[in-house]
Structure formats: structure tokens, C-alpha cells
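Undergrad: Structure below; questions to follow.
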Amino acid sequence: MSKYVFPEGFLWGAAASAYQTEGNNIHNDWHDAERKEQQKPPGKRRLAECCGDACDHWNRYEEDYDLAREMGIQMHRLSIEWSRIFPAENEVDQSAIAQYRAMMEALHSRGIKVMLCLHHFTIPRWVLAKGGFEKRRMFVTHFERYLQTIVPAVGDLVDYWLPINEPNVVPLAGFFGKLFPPFKANFLAFVKVYRTFFAMHARSYRVIKAHFPEASVGVAFAFMHFQPYNPANMLHRWGAAFANRAANLCFFEAVKTGRIGFPLGLGDSIPELRGAMDFVGLNYYTTLYMKGLRPIEKKPGDLVTDMGWILYPQGIYEILQYLGRSIDLPIIVTENGVATSDENCRIQYLEAHLREVHRAMEEGVPVKGYMCWSLTDNFEWQHGYKMRFGLIHVDFATQKRTIKAGGRWYGGVIRDNGLLMCDV
0 MSKYVFPEGF
10 LWGAAASAYQ
20 TEGNNIHNDW
30 HDAERKEQQK
40 PPGKRRLAEC
50 CGDACDHWNR
60 YEEDYDLARE
70 MGIQMHRLSI
80 EWSRIFPAEN
90 EVDQSAIAQY
100 RAMMEALHSR
110 GIKVMLCLHH
120 FTIPRWVLAK
130 GGFEKRRMFV
140 THFERYLQTI
150 VPAVGDLVDY
160 WLPINEPNVV
170 PLAGFFGKLF
180 PPFKANFLAF
190 VKVYRTFFAM
200 HARSYRVIKA
210 HFPEASVGVA
220 FAFMHFQPYN
230 PANMLHRWGA
240 AFANRAANLC
250 FFEAVKTGRI
260 GFPLGLGDSI
270 PELRGAMDFV
280 GLNYYTTLYM
290 KGLRPIEKKP
300 GDLVTDMGWI
310 LYPQGIYEIL
320 QYLGRSIDLP
330 IIVTENGVAT
340 SDENCRIQYL
350 EAHLREVHRA
360 MEEGVPVKGY
370 MCWSLTDNFE
380 WQHGYKMRFG
390 LIHVDFATQK
400 RTIKAGGRWY
410 GGVIRDNGLL
420 MCDV
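Now the structure itself:
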């Protein structure tokens with residue numbers, strides 16, 4: 000048996016997002032896109048189903064946080080839905096702000112720290128009507144209004160800030176990969192929107208620091224692991240390197256230098272982006288093979304999750320090594336988990352990835368915490384309710400919650416601040 004003990008003070012947590020859990024979020028772009036897709040024949044729909052009530056977390060958060068405490072969760076990552084705060088351009092819903100304060104107070108009352116995300120994919124309908132992410136100046140102006148409203152209203156309850164969830168994913172999935180609304184496949188649109196996210200992050204950092212100078216502000220970054228389909232093929236190697244640069248490296252270089260490099264820019268300056276990060280949040284799930292610029296989801300013989308994602312735990316080690324070498328900041332794993340209805344698979348997945356996190360830490364990478372995705376089963380974007388990432392099972396017909404075997408196992412890891420594994 001091998002024992003993997005984590006340092007004293009290591010933070011164990013779980014994550015969630017507003018749209019995927021709260022229910023009745025009816026004022027944003029995803030709500031409208033889902034309903035539009037449901038008008039199409041089943042075989043033509045790009046979004047599986049409507050979010051609707053989700054987990055009804057808006058009304059059941061106390062129950063969810065009781066179960067989180069039962070598992071020993073030390074920190075919970077939640078997000079605020081922009082369109083709840085500003086359902087219309089000139090309307091601020093103070094009752095929504097009060098509700099979010101109540102949710103964070105409920106976490107603190109249970110001894111659970113708060114990691115707060117301010118943007119997780121969705122935008123208000125009225126922002127989309129003005130041009131959405133592609134109208135950068137307009138977008139950032141209204142986003143700052145939202146920031147100046149919500150940050151001082153809840154900031155006294157926040158332990159860690161994540162202004163943006165996965166600033167690379169909406170540009171890639173929505174404007175290049177045709178996976179998210181508006182389902183575009185345009186590299187120039189990808190670049191344009193990604194640069195909007197650069198500006199959003201920079202502005203968020205400055206607004207938070209203006210109100211709370213001692214705040215710890217990071218990013219939840221989906222650092223995508225790319226590798227050549229055939230390592231002996233030069234075109235495949237080039238494709239993996241280019242994808243890594245476009246999706247991942249440009250963002251961190253820009254935060255370090257204040258300049259946006261190729262292929263997202265030619266050294267263009269965003270001065271307020273320089274140094275706009277106190278810790279790195281890493282979201283990691285899988286690897287992607289590249290044949291030139293064409294991603295390949297798997298090779299014959301690869302083990303995959305219900306999402307079709309390759310099981311590749313060493314990828315998190317490799318990314319942590321890169322971040323440890325290149326960025327002199329603490330790191331928190333802000334998402335890692337698996338969609339499966341097999342709890343043995345969930346335990347094996349988490350176990351394997353935690354071992355790789357521990358290996359990176361043993362080699363000096365400053366990882367300070369780990370957040371499992373997700374606290375509860377929830378609405379998984381274009382896939383709907385079939386994909387079960389949760390530590391807590393949700394029966395979506397009755398909204399009954401039950402801690403899964405994987406959740407019990409994770410609770411044991413937290414209690415022991417580590418894990419035991421059989422040597423192979």
C-alpha cells in the first residue's frame with residue numbers, strides 16, 4: 000500500500016455553477032438557445048434539452064450545504080448568475096443579491112469557505128441583443144456595471160475570487176467549435192471573443208482589488224492538454240503545439256506581460272492585464288489528440304468517460320509542472336471530476352488524478368487545494384441531464400439528494416487529508 004498525504008492546510012472542496020444548478024434562470028442566452036433548439040426535430044438539435052428547474056439549488060441550497068458539511072467539504076465554489084442581478088439593462092434585482100448573500104452565509108455557518116465565480120458562460124439576454132461577446136467595448140462596459148454592483152455587495156463573504164470560469168472555453172466552443180451558442184466556426188471570431196475575455200478578467204481584477212485590496216483573485220482556467228495523434232508526424236506535433244499556444248499559453252503570457260501574443264495578437268498591450276492574478280485555478284478533465292489542426296477525441300483502445308473524454312490522469316501532472324515552472328503563483332485545482340454512473344469508476348478517476356496532483360506537489364509545485372466537479376449532479380450544458388458528475392446524486396424527478404459512494408469516498412480522503420492506494 001502507498002499512502003499519499005497532503006500538507007496541513009490543504010483545501011478540499013467541491014464546485015458548482017449557478018446556471019447548472021439553481022433552476023429557473025430564464026433571462027440569459029442559454030435559456031433562449033435551448034428553447035430555440037427544442038423547436039427542431041430531435042436529430043437536428045445541438046442542445047439536448049432545456050435546463051428548466053435544474054437541481055432547484057436556489058431553493059434547496061441549505062440541504063445541499065448540509066450534505067457538503069457531512070462529507071467534510073472545506074471550501075465550496077459557486078457562481079453568480081449575471082442575469083439574475085441584471086434581468087434587464089437598467090434593473091437591479093436586490094432580492095437576488097440578498098439570496099446570494101444568504102447562500103454564502105449558509106456556507107460560512109457550516110464552516111465552509113467560499114470561492115466565488117462571477118461569470119460562468121451565460122450572459123443576460125439584453126447583452127446578447129446588443130451584440131454580446133463580439134462587441135467588446137459595449138460588453139466590458141456593462142460587465143463592469145455588474146461588477147461594481149455585485150463585488151461590494153457580497154465581497155465581505157468571499158474567501159477566493161474567480162472572476163471568470165474558463166475564459167478560453169466560450170471562445171473555442173461557441174465561436175470556433177460549434178458546440179455552444181452561437182455555434183460559430185470562425186477563427187477570427189474566436190480571437191475577437193477571447194480578447195473580450197482578456198479584458199473581462201483584467202477589469203474584474205482591478206474592480207475587486209479596488210474594493211478589497213487584500214482579496215485573493217485567480218481564474219478557473221480550462222488548461223487543455225493537447226498531444227500529437229502520431230508523435231512521429233511533424234504536422235501532428237505542430238498542430239498540438241499551435242492548439243496549446245492558442246487555447247492556453249497566450250492567456251498566461253498576457254497576464255504575465257500585459258501583451259497578447261500570436262495567434263491572438265501581435266504584442267498588443269493591455270496594461271491592466273499585467274499581474275492581474277494572485278493564484279491560478281486549474282480545471283482539468285482529459286487530453287485531446289491533434290492531427291494538424293483537427294482534434295481527434297480518442298484512439299482505438301482508449302478508455303473514455305460517459306462524456307467520451309479520454310482517461311488521462313498524467314495530463315494534470317504535466318500541466319501542473321508547466322504552471323509550476325512558468326508562473327510563480329499558488330495553484331488550486333478548481334475543477335476535476337468525471338461523468339459516470341459507475342461509482343467505482345468515479346473513485347478510480349479521482350484517486351488517479353489525486354495521485355498525480357500529489358506527485359507534482361512532491362516535486363515542488365505549489366498546489367494549495369483541490370475542488371471536485373461537482374458537488375451535485377447537474378445540468379451539463381449541451382448534454383443535458385444524462386452526464387452525472389456529482390458527489391451527490393440528484394433524482395431530477397423528485398429532487399431527492401443522496402450522497403454517492405464516490406462522495407463517501409471523497410469524504411474519507413478529506414478526513415484523512417490523503418489516500419491509500421494499492422501498489423500495482
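Residue numbers for the sequence shown follow numbering that gives the first Met the number 0, beginning at 0 and rising by one.
Just so it is clear, CB atoms sit at the ideal spot from N, CA and C, and this is done for glycine as well.
Note that the structure is a prediction, hence the values are computed from the model and not measured.
1. How many Å lie between Pro299 and Asn232 at the Cα?
2. Measuring straight from C-alpha to C-alpha, what distance separates His352 and Asn89?
3. Compute the Euclidean distance between the alpha carbons of Gly130 and Gly176, then round it to the nearest angstrom.
4. Helix, strand or coil, according to DSSP, for Glu271 in the structure here?
5. Taking only three categories from DSSP, how would you classify Tyr283?
6. Go ahead and label His235 buried or exposed: buried means 16 or more other beta carbons lie within 10 angstroms of its beta carbon, across all protein chains shown.
7. Taking Tyr369 as part of the beta strand (DSSP E), name the residues at either end of that continuous run.
8. Report the option in Thr256, Leu106, Asp267 and Phe222 whose CA atom is closest to the CA atom of Ala245.
9. Take the Cβ of Thr339 as the centre, count every other Cβ of all protein chains shown within 10 Å, and call the residue buried at 16 or more, exposed below.
10. Between the C-alpha atoms of Glu36 and Thr20, what's the straight-line distance to the nearest angstrom?
11. Are three or more beta carbon pairs between the segment 244 to 263 and the segment 184 to 196 nearer than 8 Å?
12. Cα-Cα, which of Phe395, Glu165, Tyr369 and Asn377 is closest to Gly410?
13. Going by DSSP, which residues form a beta bridge with Lys399?
14. Assuming Arg109 is part of the alpha helix (DSSP H), what are its boundary residues?
15. Unbroken beta strand (DSSP E) runs of length 3 or more, entirely within the segment 138 to 226: which are they?
16. How many angstroms separate the CA atom of Phe220 from the CA atom of Glu334?
17. Do you know how far the Cα of Ala198 is from the Cα of Glu350?
18. For Phe85, count neighbouring Cβ atoms within 10 angstroms of its own Cβ and tell me buried if that reaches 16, exposed if not.
19. Quick one, are the C-beta atoms of Met114 and Ile413 less than 8 Å apart?
20. Look up Val337 in the DSSP assignment and say whether it is helix, strand or coil.
21. To the nearest whole angstrom, what separates the beta carbons of Trp57 and Asn27, a pair I think is in contact under 8 Å?
22. Alpha carbons only, please: which of Leu302, Lys297, Ala275 and His118 is nearest the one belonging to Gly257?
23. Given Pro181, which residues of its chain have a CB within under 7 Å of its CB, disregarding the five upstream and five downstream residues?
24. Please confirm whether Leu322 and Asp277 have their CB atoms less than 8 Å apart.
25. Looking at the structure shown, is Asn23 part of a helix, part of a strand, or coil, going by DSSP?
26. For a test of the three-state rule: what should DSSP assign to Pro123, helix, strand or coil?
27. From Asp305, Leu319 and Ala359, pick the residue whose C-alpha is nearest to that of Val4; which is it?
28. Does the beta-carbon of Phe225 have 16 or more other beta-carbons within 10 angstroms, so that it is buried, or is it exposed?
29. Tell me the DSSP secondary structure of Pro294 in three-state form.
30. When you measure from the CB of Ile295 to every non-hydrogen atom of the ligand NAP, does any distance come out below 7 Å?
31. Locate the beta strand (DSSP E) running through Arg76, then write down its first and last residues.
32. Looking at the structure shown, is Ser16 part of a helix, part of a strand, or coil, going by DSSP?
33. Return the chain-ordered list of same chain residues with a C-beta closer than 6 Å to the C-beta of Arg345, the five sequence neighbours on each side being excluded.
34. In its own chain, which residues sit with a C-beta less than 6 Å from the C-beta of Phe142, not counting the 5 before and 5 after it?
35. Going by Cα to Cα distance, which pick from Tyr18, His382, Met103 and Asp55 is closest to Glu80?
36. Per the contact definition of three or more C-beta pairs closer than 8 Å, is the segment 61 to 76 in contact with the segment 207 to 216?
TA: Reading from the atomic positions:
1. For the purposes of this step, residue 299 is taken as residue 300 along the sequence shown, with counting starting at 1. For the purposes of this step, residue 232 is taken as residue 233 along the sequence shown, with counting starting at 1. In a straight line, the C-alpha of Pro299 is about 18 Å away from that of Asn232.
2. Translated into the one-based positions of the sequence shown, residue 352 becomes position 353. Translated into the one-based positions of the sequence shown, residue 89 becomes position 90. Rounded to the nearest angstrom, the two C-alpha atoms are 45 Å apart.
3. To locate residue 130, count along the sequence shown from 1; it is residue 131. To locate residue 176, count along the sequence shown from 1; it is residue 177. Those two C-alpha atoms are separated by around 19 Å.
4. Translated into the one-based positions of the sequence shown, residue 271 becomes position 272. Of the three classes helix, strand and coil, the one that applies to Glu271 here is helix, per DSSP.
5. The sequence position of residue 283 within the sequence shown is 284, counting from 1. The answer is coil: DSSP assigns Tyr283 none of H, G, I, E or B.
6. In the sequence shown, residue 235 corresponds to position 236, counting from 1. Per the 10 Å Cβ criterion, buried.
7. Taking the first residue of the sequence shown as 1, we reach residue 369 at position 370. Element bounds for Tyr369: Val366 to Trp372.
8. Mapped onto the sequence shown, residue 245 falls at position 246. Minimum Cα distance to Ala245 is reached at Phe222.
9. For the purposes of this step, residue 339 is taken as residue 340 along the sequence shown, with counting starting at 1. The residue is buried, with at least 16 neighbouring Cβ atoms inside 10 Å.
10. The count along the sequence shown starts at 1 and reaches residue 36 at position 37. The count along the sequence shown starts at 1 and reaches residue 20 at position 21. Rounded to the nearest angstrom, the two C-alpha atoms are 21 Å apart.
11. yes
12. Numbered from its first residue, the sequence shown carries residue 410 at position 411. Measuring from the Cα of Gly410, the nearest candidate turns out to be Tyr369.
13. For the purposes of this step, residue 399 is identified with residue 400 of the sequence shown, where counting begins at 1. In the DSSP output, where bridge partners are listed per residue, Lys399 has Asp394.
14. For the purposes of this step, residue 109 is taken as the residue at position 110 of the sequence shown. Unbroken run through Arg109: none, as it is neither H nor E.
15. 159 to 163 and 219 to 221
16. Position 221 of the sequence shown, counted from the start, is the residue given in the question as residue 220. Position 335 of the sequence shown, counted from the start, is the residue given in the question as residue 334. So the two alpha carbons sit approximately 9 Å from each other.
17. Taking the sequence shown and counting its residues from 1, the one referred to as residue 350 is at position 351. Taking the sequence shown and counting its residues from 1, the one referred to as residue 198 is at position 199. If I take the Cα positions, the gap works out to 37 Å.
18. The residue labelled residue 85 in the question sits at position 86 within the sequence shown. Result: buried.
19. Counted from its first residue, the sequence shown places residue 114 at position 115. Counted from its first residue, the sequence shown places residue 413 at position 414. No.
20. Translated into positions along the sequence shown, residue 337 becomes position 338. Correct three-state label for Val337: coil.
21. If you number the sequence shown from 1, residue 57 lands on position 58. If you number the sequence shown from 1, residue 27 lands on position 28. Not confirmed; about 14 Å, so no contact.
22. Position 258 of the sequence shown holds residue 257. For the residues Leu302, Lys297, Ala275 and His118, the minimum Cα distance to Gly257 belongs to Ala275.
23. Working through the sequence shown from its first residue, we reach residue 181 at position 182. Closer than 7 Å at the Cβ level, and outside the excluded window around Pro181, lie Gly173.
24. Locating residue 322 in the sequence shown gives position 323, counting from the first residue. Locating residue 277 in the sequence shown gives position 278, counting from the first residue. Cβ atoms of Leu322 and Asp277: not closer than 8 Å.
25. Position 24 of the sequence shown, counting from 1, holds the residue named residue 23. Asn23 falls in the coil class under three-state DSSP.
26. Counted from its first residue, the sequence shown places residue 123 at position 124. Reduced to three states, the DSSP call for Pro123 is strand.
27. Position 5 of the sequence shown, counted from the first residue, corresponds to residue 4. Taking only the C-alpha atoms, the option nearest Val4 is Ala359.
28. As a first step, residue 225 is located in the sequence shown; it is residue number 226 there, counting from the start. Under this definition Phe225 is a buried residue.
29. Indexing the sequence shown from 1 puts residue 294 at position 295. Correct three-state label for Pro294: strand.
30. Of the ligands one can find in the structure shown there are none, so the ligand NAP has no counterpart to examine.
31. To locate residue 76, count along the sequence shown from 1; it is residue 77. Taken as a continuous stretch (DSSP letters only), the beta strand (DSSP E) holding Arg76 covers Met74 to Ser78.
32. Working through the sequence shown from its first residue, we reach residue 16 at position 17. Coil, per DSSP.
33. Here residue 345 corresponds to residue number 346 of the sequence shown, with the count starting at 1. These residues qualify, in order along the chain: Val337, Thr339 and Gly405.
34. Here residue 142 is taken as the residue at index 143 of the sequence shown, counted from 1. Only Met199 meet the Cβ criterion.
35. Start at 1 with the first residue of the sequence shown, and residue 80 comes out as number 81. With distances taken between Cα atoms, Glu80 lies closest to Tyr18.
36. no
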